[in-house]
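For the sequence shown, this note's numbering gives the first residue as 312, with consecutive numbering after it. Heads up: the structure comes next, in structure tokens.
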Amino acid sequence: MAAIQFVAMKLPQWITAKRTKKMSKTSANPAAEKSNKTMKNVSWIMLIMTIVMGFMLPAAMGVYWAIGGLVQMAQTAITQTIMARKQRK
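In structure tokens form, the structure reads like this:
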């Protein structure tokens, strides 16, 4: 469950990084960097909380979160594919 949640959390970031690698950065935005850092910290805290609660709650909750993570990964892949096709047009 923890691995699935980690990949589901990181997948959009990996896809965005792959797409923006081709683009050059024009200028640094301190507010955006601070926001990104905060979002990164919150994501890690939520992942840790999910893992801890996964051990404390009944096993069905872990299964539920694992399936939810798989659905989230599929949704991200489908959405990114559609957006990429629209961008090419």
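Backbone N, C-alpha and C fix where the C-beta goes; we use that ideal spot for every residue, glycine too.
- Ala-342 and Trp-325 have their C-alpha atoms some 21 Å from each other.
- For Met-360, the enclosing alpha helix (DSSP H) has its first and last residue at 341-367.
- Sequence-distant partners of Ser-354 (beyond 5 residues in either direction) whose C-beta falls short of 6 Å from its own C-beta, in its chain, are Met-320.
- Straight through space, the alpha carbons of Met-364 and Met-350 are spaced by roughly 21 Å.
- Excluding five sequence positions before and after Gly-380, the CB atoms of its chain that fall closer than 6 Å to its own CB belong to Ile-315, Gln-316, Ala-319, given in chain order.
- Per the coordinates, the alpha-carbon of Ala-395 lies some 12 Å from the alpha-carbon of Thr-387.
- Residue state for Met-312 is assigned as coil, using DSSP reduced to three classes.
- If you draw a 10 Å sphere on the C-beta of Met-312, you find 16 or more other C-beta atoms in it, and that means buried.
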